[in-house]
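Input: a single structure, listed below in structure tokens.
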Amino acid sequence: MLLPRFDYLEPQNLEAALELLAAHRDEAKILAGGTDLLVRMKKGLLKPKALISLKSLKGLSYIKEEDDGIRIGAGTCLADIISSKPIQEKARALFEACEKIGAITIQHHRGTIGGNILQDNRCHHYNQSDFYRSGRQACHKDGGKICYARENADRCNSTCQSDGATALMALGAKLVLISQEMERTVDLDQFYTADGIMPHAIESHELLKEIVIPINNAQSNYQRLAYRSAIDYPIVCAGVLLKPVDANKGQIEKARIVVGAMGRAPLFLAQESSSLEGKNLDDTEAFQKAAKKSRDNATPFAVHNVGSTLEYRCEMVAMIVLKALKEAALAVKDSNG
Amino acid sequence: MERIEITLNINGKPHEVKIYPNETLLDVLREKLDMTGAKESCGEGVCGSCTVQMDGKPVRSCLTLAMEARGAEIKTVEGLASEDELSTLQQSFIDHGAVQCGFCTPGMLMSADALLAENPKPDEKTIRKALAGNICRCTGYAKIVEAVAHGVHPQENCCDCKPKE
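One line per chain: the protein sequences are A and B, in this order.
Per the numbering used here: the first sequence = residues 548 to 884.
Per the numbering used here: the second sequence = residues 222 to 386.
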């Protein structure tokens with residue numbers, strides 16, 4: 548499969564990259580690992596005039612453990628994250644998510660965490676070849692006015708299937724975005740636009756520089772369901788975080804439940820999360836209740852566009868959330884000794 | 222879009238080629254350098270038949286621009302055998318009957334070779350995980366896993382492993 552033509556730009560430092568980005572704006576795309584971008588370009592979904600390669604920007608690849616949290620450079624490859632001790636111990640959900648992304652030989656050495664978060668939303672009516680799409684009217688995401696996933700929908704219903712984003716949202720991560728003029732930090736919770744066509748609140752002249760994961764004595768877990776354990780995107784996934792009370796380690800002080808692959812963005816379920824506050828770590832009934840409510844609240848967001856039936860995916864939300872909660876509770880108990 | 226002259230280090234030898242920036246490493250290997258070991262099947266990073274190693278790590282050459290491969294040590298399936306002798310892993314594939322139609326084999330070999338360089342005695346689960354990104358449509362996975370397990374360390378009780386001389 549041939550790639551469309553483009554100019555290949557190779558800035559030697561961050562300033563030069565930002566300058567190029569500011570000059571080209573929407574006409575350029577950032578090339579990090581390319582495992583998602585090049586597939587889209589081969590299918591004719593994207594035709595950027597220029598690609599700005601981050602090949603020479605080695606400074607964007609790092610994992611630093613600091614007092615306030617773990618800082619991960621956006622250009623860090625997934626294999627480095629998987630083998631990082633601080634992430635395995637303090638941000639377990641991210642470790643589990645990265646391990647499950649694609650396959651070792653596809654993404655783990657080339658794919659970057661920044662690319663995983665910023666991957667475009669998917670839909671099995673849209674992520675198809677030029678030839679397939681040429682046989683029917685264009686959908687919203689393709690510049691048309693039709694949605695094949697939901698009848699009479701006035702907007703795009705593509706689904707965010709990023710494993711990394713779901714796990715990071717559960718961990719309460721922040722993103723550091725940098726442009727020529729400024730650097731800003733944004734909560735991952737606030738990073739999504741609820742628009743399937745342009746799902747991320749990032750300007751065309753901005754670059755994702757790093758991801759900051761706050762460290763506290765919380766434990767996290769990530770679970771996903773996919774057709775195959777490798778290669779495939781998740782059809783349902785969930786990330787959870789449980790923080791025990793300092794004085795009483797058996798009690799939950801704060802919880803976060805995030806359900807992914809069900810909507811245009813990973814869904815942070817605030818109500819279900821707060822329903823677990825003050826509950827005991829052994830309180831299976833509370834976990835079951837929260838899992839069922841997660842299913843009820845995630846269901847309206849889902850459309851039939853990532854394979855499997857909608858009913859099955861929705862039912863599985865409860866199961867996946869419950870499994871993640873149980874695993875996280877177990878991890879809290881283990882860390883208490 | 223202009224042609225650019227680049228140097229690629231493939232199997233220990235530098236190769237100078239003139240390429241367009243939109244050419245993938247796979248295009249350059251197959252079309253310009255006549256190294257047809259790496260195969261194109263899906264062309265979108267799913268099947269694994271185009272797997273090569275860059276700096277010892279298995280990557281998809283169909284999803285790697287040739288421009289991005291500059292400066293890296295690239296190893297293709299042509300680089301496994303030395304002169305007239307197959308590598309022990311390649312011989313193990315033959316001995317265990319792990320090659321059927323053979324189209325996935327170069328990718329399987331490159332993924333397995335990278336695994337064995339890191340972990341010479343992997344268990345079955347590790348092998349299956351390392352090869353999870355390589356698809357064999359003859360579905361001869363059992364033989365492939367066996368061939369990799371005995372790739373570096375032939376086992377006495379395995380009837381397919383050749384006895385050590």
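Each residue gets a CB set at the ideal place from its N, CA and C atoms; glycine is no exception.
query: State the DSSP-derived secondary structure class of I760(A), mapped to helix, strand or coil.; result: strand
query: State the start and end residues of the unbroken alpha helix (DSSP H) segment that holds E636(A).; result: 632 to 637
query: Just how far apart, CA to CA, sit N232(B) and P341(B)?; result: 21 Å
query: Exposed or buried, M745(A), counting other C-beta atoms within 10 Å across all chains shown (16 or more means buried)?; result: exposed
query: Between S631(A) and chain B, is any beta-carbon pair separated by less than 8 Å?; result: no
query: Out of curiosity, what's the CA-to-CA distance linking D248(B) and I356(B)?; result: 21 Å
query: Does any C-beta atom of chain A lie closer than 8 Å to the C-beta of V280(B)?; result: yes
query: Counting only beta-carbon atoms, is S262(B) nearer than 8 Å to chain A?; result: no
query: Closer than 7 Å by C-beta to A368(B): which residues in its own chain qualify, once you throw out the five before and the five after it? Chain order, please.; result: S313, F314, H317, A319
query: Please return the same chain residues whose Cβ sits closer than 7 Å to the Cβ of S767(A), not counting the five positions on each side in sequence.; result: A638, R639, A640, A717, L718, G786, V787, L788, A875
query: Flag F642(A) as yes if its beta-carbon sits less than 8 Å from any beta-carbon of chain B, otherwise no.; result: no
query: Quick one: list the residues of chain B neighbouring D554(A), beta-carbon separation under 8 Å, in chain order.; result: M222, P242
query: Spatial neighbours of E862(A) within its chain, please: C-beta separation below 8 Å, excluding the five flanking residues on both sides.; result: R842
query: Please name the residue or residues paired with Y555(A) in a DSSP beta bridge.; result: L598(A)
query: Sort S776(A), Y695(A), H687(A), E819(A) by Cα distance to E643(A) and report the nearest one.; result: S776(A)
query: Express the C-alpha separation of E339(B) and T272(B) in angstroms, rounding to a whole number.; result: 17 Å
query: Would you grab the beta carbon distance between A712(A) and G807(A) for me? Rounded to a whole angstrom, and I think it's under 8 Å.; result: 7 Å
query: Within this structure, are the beta carbons of E566(A) and Q727(A) separated by less than 8 Å?; result: yes
query: Among C322(B), P375(B), T309(B), which one has its Cα closest to the Cα of T360(B)?; result: C322(B)
query: Tell me which residues share the same chain as S308(B) and place their Cβ nearer than 8 Å to its Cβ, disregarding the 5 neighbours each side in the sequence.; result: L301, A302, D334
query: Note down the Cα distance separating G690(A) from P551(A), rounded to an integer number of angstroms.; result: 19 Å
query: Which term fits V733(A), buried or exposed, when burial requires 16 or more other beta carbons within 10 angstroms of its beta carbon?; result: exposed
query: What does the alpha-carbon distance come out to for the pair I599(A) and E557(A)?; result: 6 Å
query: Rounding to the nearest angstrom, what Cα-Cα distance links G354(B) and C325(B) in this structure?; result: 11 Å
query: Where does the unbroken beta strand (DSSP E) through G854(A) begin, and where does it stop?; result: No beta strand (DSSP E) holds G854(A); DSSP gives it neither H nor E.
query: Enumerate in chain order the residues of its own chain whose CB-to-CB distance from K590(A) is below 6 Å, with the five nearest sequence positions on each side excluded.; result: S676
query: Assuming A871(A) contacts R860(A) (C-beta within less than 8 Å), just tell me the rounded distance between them.; result: Between R860(A) and A871(A) the Cβ distance is about 16 Å, and since that is not below 8 Å, they are no contact.
query: Counting only runs of 4+ residues fully inside the segment 270 to 310 of chain B, write out the alpha helix (DSSP H) ranges in chain order.; result: none
query: Leaving out the 5 sequence neighbours to the left and right, which residues in its chain are closer than 6 Å to T228(B) when beta-carbon positions are compared?; result: P235, E237
query: Given a limit of 7 Å on CB to CB distance, which residues of the segment 277 to 305 of chain B reach chain A?; result: K278, P279, V280, R281, L284, T285, L286, M288, E289
query: Does H656(A) come within less than 8 Å of chain B when only Cβ atoms are used?; result: yes
query: Would you kindly report the start and end of the unbroken alpha helix (DSSP H) that includes I725(A)?; result: First-last for I725(A): 721 to 725, but that is the beta strand (DSSP E), not the alpha helix (DSSP H).
query: Identify whether V373(B) lies in helix, strand or coil by the three-state DSSP scheme.; result: coil
query: Drop a sphere of 10 angstroms on the beta-carbon of F738(A), count the other beta-carbons inside from all chains shown, and report buried for 16 or more, exposed for fewer.; result: buried
query: Does the beta carbon of A351(B) sit closer than 8 Å to a beta carbon anywhere in chain A?; result: yes
query: Leaving out five residues before and five after P343(B) in sequence, what residues of the same chain have Cβ atoms less than 8 Å from its Cβ?; result: L336, L337, A351, V369, A370
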